[in-house]
Each structure stands twice: as C-alpha cells, then as structure tokens.
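In what follows, a single structure is set out as structure tokens and then discussed.
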Amino acid sequence: MARNLLLGTPATTTPTLTTTRSQAATGLASASLDTRLRQKRSPAYLQAMAKLDAGGHVHDRQALDALLAQIDQELGTIEIQERLLGIVGRCYLGHPYEVHTLDLGGRITEHFKKGHPLPLTLERARVLATHPSYAFIEVYATRMVAVSESGQTAIIEGTA
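The sequence shown begins at 0 in numbering that gives the first Met the number 0 and counts up one residue at a time.
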C-alpha cells in the first residue's frame, strides 16, 4: 500500500492500470498538441490576420465568416480543451490605436486605444502583440502562441 510521505498515513488511492494508461494517453495528446501549435503558420492564414486592420470584419458579416473559416482551416485540429480563445495583434490604424482583437467566443473584432483594457482572457497578450517581432498572438486557455511575420511560432506557457 502506498503511504503519504509527509504525514506517514496510507494513501487513499492506489494507481491502477487504467489510470496509468489514461495518464499516458494525456501525455501523448499533450505532446502532439505542442507539436501542432509549433507548426509554422501558412501564408494564407498570415494574410487573413493582416486584413484585420482593414476594419471590414467589424461591419461585414461575410468577411468575418471568411476569416473564421480560415482560422478553422489552419487550427481546426487543436483539441477542444485548448481551443483558441482569441487573437491579439498590433494595430496599424495609427494613433491612438494600439492593438486589435478577434474574440472567438463572441466573434467580435475590435480595435483598442492605448490604455483601454482588453477582455480579461486577451489582456495578457497585449505586450507581446505590440512587440515588433510578432505579427499577432494566438491566445489559448493555458498558453499563448506568438506568430512572427514569417509564420514561425513560439509558445508561451501559463495563464498569467
């Protein structure tokens, strides 16, 4: 029987073969997810993201649907627990705008002025989005993926 090392009391559960197998499967899923997130983004996807500054997605439902279809085509294989929450990118509309967002939960495209807060799930990507090395930041529940102009990716783990 396993014992709790800190308290010296017997552990209440013992590992079983099914528990071990499910933990191994989760590890494999996590490894394949990391591999998928690290893949270089396609030129078509990068071009679709660059069009966010044109502002047509705010008023044109067809343009927004086309953008969402491009995102789904590029990232559709990502597991549901790591679904894309939104995208934050540097805004080129000029002063006073700093970043723009695509909130996939509410399907909202919005441009934010300097100092105005982003939705809580996307605010953590703001500083990275304004960095000249990155075209935009994909925000997931437990990580962010910084995407460069060339499509190369860098994963930033953690939620804070």
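Don't be surprised by glycine CBs; every beta carbon is placed ideally from N, CA and C.
Is residue i near residue j, with beta carbons less than 7 Å apart?
i    : j    : result
V146 : A124 : no
V87  : L121 : yes
H110 : Y133 : no
T152 : R82  : no
T100 : L117 : yes
R40  : G150 : yes
A47  : Q69  : yes
From what residue to what residue does the beta strand (DSSP E) around residue i run?
i    : result
E148 : Here E148 belongs to no beta strand (DSSP E), and DSSP marks it neither H nor E.
Y139 : F135 to Y139
Leaving aside the five residues before and after residue i along the sequence, list all residues of the same chain whose C-beta is less than 6 Å from its C-beta, in chain order.
i    : result
L156 : Note that residue 156 is Glu in the sequence shown here, rather than Leu. Same-chain partners within the cutoff: R142.
Quickly, what does DSSP pair residue i with across the bridge? List them, please.
i    : result
D102 : G85 and I107
R125 : Bridge partners of R125: none, in fact.
K112 : Y96
R172 : Residue 172 falls outside the range modelled here, since the chain spans only 0 to 159, and no answer is possible.
Under DSSP, the alpha helix (DSSP H) around residue i begins and ends at which residues?
i   : result
Y44 : P42 to A49
L67 : R60 to L74
What residues in its chain sit with their C-beta under 8 Å from that of residue i, if we drop five residues either side in the sequence?
i    : result
I136 : I86, V87, G88, A124, L127, A128, M143, V144, A145 and V146
L84  : D102, L103, G104, T120, L121, V138, Y139 and A140
V98  : V87, G88, R89, C90, H110, F111, L117, R125, A128 and T129
Ordered along the chain, which non-local residues of its own chain (more than five positions away) have a Cβ less than 7 Å from that of residue i?
i   : result
E73 : R40, S41 and Y44
L51 : G88, H99, L101 and T108
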